[in-house]
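For reference, the structure discussed in these notes is given below.
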Amino acid sequence: MSLSSRMVVVLTAVGLLSGGFLASVGILTKDRIALNRKMEIERAIVSVVPGSVASETLYEEKDFIVYGGKNEAGALKGFAIYTSGIGFQDKIILMIGVDASLSRLFSLIVLDQKETPGLGAKITDRTSFLVYWEDKDFTQSFRLRKPPAPALESLSASEVNTITGATISSEAVLNIVNAAQEKARALYEEGRLSFGGAHAE
Amino acid sequence: MPSRTAGQDFLKGLWQENPIFRQMLGMCPTLAITNAVINGIAMGLATAFVLIFSSLLISLIKKVIPNQVRIACYIVVIATFVTIADRFLAAFFPPISKSLGPFVPLIVVNCIILGRAEAFASKNSPGRSVIDALGMSAGFIMALLILSSIREVLGSGTFLGYRILGDWFEPWVIMVLPPGAFITLGILMAISLQIERKKGER
Chain A
0 MSLSSRMVVV LTAVGLLSGG FLASVGILTK DRIALNRKME IERAIVSVVP GSVASETLYE
60 EKDFIVYGGK NEAGALKGFA IYTSGIGFQD KIILMIGVDA SLSRLFSLIV LDQKETPGLG
120 AKITDRTSFL VYWEDKDFTQ SFRLRKPPAP ALESLSASEV NTITGATISS EAVLNIVNAA
180 QEKARALYEE GRLSFGGAHA E
Chain B
0 MPSRTAGQDF LKGLWQENPI FRQMLGMCPT LAITNAVING IAMGLATAFV LIFSSLLISL
60 IKKVIPNQVR IACYIVVIAT FVTIADRFLA AFFPPISKSL GPFVPLIVVN CIILGRAEAF
120 ASKNSPGRSV IDALGMSAGF IMALLILSSI REVLGSGTFL GYRILGDWFE PWVIMVLPPG
180 AFITLGILMA ISLQIERKKG ER
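Taken in sequence, the protein lines are chains A and B. When we follow numbering that gives the first Met the number 0, the leftmost residue of the first sequence carries the number 0, and every step to the right adds one. When we follow numbering that gives the first Met the number 0, the leftmost residue of the second sequence carries the number 0, and every step to the right adds one.
The following block contains the structure:
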């Protein structure tokens, strides 16, 4: 066999074997990876909507999904809004839990972020940031308190503290929540967040 | 210096030819992911898996591969194992896969692996290649562990996620940021050179 045909044969064989092998690995792991993702979302929904044990997708578009959180009896306990926006470095993905009439924000969690470790990444930390996002008024836009208020109690129902040294990341979360609030309200008023035919339990 | 026994094949990866401190290969993952010990361990193990299996396979098929296309073949073999490692982590260890991000796929271009394929596996028997790969992996994991332990303890006050320094400790944020990686690696490199120099004087 000439050298060039040998090169072609060897490269083709190596490529085919590797491709076949990877295809089987892909098939074997595909379901599990999809399941992991689904479970991560499900866990997030249950944790931001108190009393919910299961969920249902009510509205879906690119990077904006509204889930309905249900209790054991299947009644709607609130909505979980999956949304995202640009942070200091990259996309920040949030899951926001609100009640069934969109008047209170239960809590929110950060599903994904690539903010600066030690500074902006504090947005994932409960004591330094997420605690300000617990049990808030969801009927009006949120505002950042700058400089941060010393005590949790001195913040109004629609105010949240800024992380010192990470204003941009704090603002990014604020803007994502405010945008999601507007969008969810519009959908709600159009009646597009219907759940099993009814708005709420 | 050429090694002769299996023991030498293994041990040279730990010190004499340590991929990080002596050969200075694979700097990208070393600097990027050593901000937490768990990431260091995961990256070390993933790289070890790829290194061991690709060394073995390349050593087995070295006679069939024409010299002109060897690099292309090595890269395909390496990329195959890297993809397996990546899928495996995503399927069974999603949090680790998430925190390592793009650095798992980037093992493909980790010079340690192609370097060992070219410098060792393509010239030696499969058995010796595996031992060499084991030694290099151990050296790599050791280096990542040292680096990530220093960075996590000083940068976050934790070790493997557990708080080991009390509340009095204000974490040195710089240590978990890229500059901390360069500073720590530089100091470790200086220490290892100093040790080597002392050994030379004796």
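Backbone N, C-alpha and C define an ideal beta-carbon position, used for all residues, glycine too.
Beta-carbon proximity of M174 of chain B to F20 of chain B, cut-off 8 Å: The beta carbons of M174 of chain B and F20 of chain B sit no closer together than 8 Å.
Return helix, strand or coil for E59 of chain A, following the three-state DSSP convention. strand
Where I32 of chain B sits in the DSSP three-state scheme: coil
Using 8 Å as the threshold, is the C-beta distance between A116 of chain B and S155 of chain B below it? no
Can you give me the start and stop residues for the alpha helix (DSSP H) that T82 of chain B sits inside? 69-91
On the DSSP letters alone, give me the boundaries of the beta strand (DSSP E) that M94 of chain A sits inside. 90-97
Could you give the distance in angstroms between the alpha-carbon of F91 of chain B and the alpha-carbon of G190 of chain A? 40 Å
Integer-rounded CB distance, given that N70 of chain A should sit under 8 Å from V52 of chain A: 6 Å
So with Cβ pairs under 8 Å, would you call F87 of chain B a contact of chain A? Chain A has a Cβ within less than 8 Å of the Cβ of F87 of chain B.
Start and end residues, beta strand (DSSP E) containing N160 of chain A: N160 of chain A -> beta strand (DSSP E) spans 158-160.
Distance check for E152 of chain A and Y66 of chain A, CA to CA, integer angstroms please. 30 Å
Is the stretch 123-132 of chain B close to the stretch 70-79 of chain A, with three or more CB pairs under 8 Å? no
Would the stretch 100-119 of chain B count as touching the stretch 28-42 of chain B if we require 3 or more Cβ pairs under 8 Å? yes
Could you check what DSSP says for K76 of chain A in three-state terms: helix, strand or coil? strand
Where in the stretch 18-66 of chain B do unbroken runs of the alpha helix (DSSP H), each at least 4 residues long, occur, reported from the N-terminal end onward? 26-31, 36-60
Quick one, are the C-beta atoms of L186 of chain A and K135 of chain A less than 8 Å apart? no
What are the residues that DSSP puts in a beta bridge with T4 of chain B? Answer by DSSP bridge pairing: none, since T4 of chain B is not bridged.
Could one say the Cβ of N34 of chain B lies closer than 8 Å to chain A's Cβ atoms, at least one of them? yes
From what residue to what residue does the beta strand (DSSP E) around F105 of chain A run? Its beta strand (DSSP E) spans residues 103-111.
Along chain B, which residues have their Cβ under 7 Å away from the Cβ of M6 of chain A? P65, Q67, V68
Under the rule that 16 or more other beta-carbon atoms within 10 Å means buried, what is E59 of chain A, buried or exposed? exposed
Between the CA atoms of L154 of chain A and V130 of chain A - distance to the nearest angstrom: 12 Å
Shortest alpha-carbon distance to K76 of chain A belongs to which of A:S1, A:N177, A:E55? Of the residues A:S1, A:N177, A:E55, the one whose Cα lies closest to the Cα of K76 of chain A is A:E55.
Please report the distance separating the alpha-carbon of P147 of chain A from that of G18 of chain A. 55 Å
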